[in-house]
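Asker: Numbered by my numbering, the letters in the sequence shown go through residues 396 to 469 in order. All C-beta atoms in this analysis are idealised placements derived from N, C-alpha and C, irrespective of residue type, glycine included. These figures come from a predicted structure and were not determined experimentally.
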Amino acid sequence: MDGSPPEPIIKIRGLRNQFGTQVVHDNLDLDIYPGEILGVVGGSGTGKSVLLRTIAGLNRPRAGSVEVLGHDVL
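#1: Determine the DSSP secondary structure at S444, reduced to helix, strand or coil.
#2: Could you spell out where the beta strand (DSSP E) holding V419 opens and where it closes?
#3: Looking at the strands, I want to know which residues DSSP matches up with R411.
#4: On a CA-only basis, which of G465, R408, G430 and F414 is nearest G459? Give me that one, please.
#5: Would you report the Cα separation of N454 and D397, rounded to the nearest angstrom?
Now the structure itself:
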């Protein structure tokens, strides 16, 4: 190892998901690093599934970028 910090395996920058006038995520930044375990919790309708579908490339956001393993999923 060269001592540099690891690169995130999931990198989200400036994510905006919106359906009509309903804004689900606005300017969301998120990094997930190798070995991390992340739980996504929240009430019904708060955007958990929308976030996961966006990371998987199934939902196209209004703005922002999503990279998984260095590849743009959008």
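Answerer: With the structure as the only source:
#1: helix
#2: Q417 to I427
#3: D421 and A458
#4: R408
#5: 37 Å
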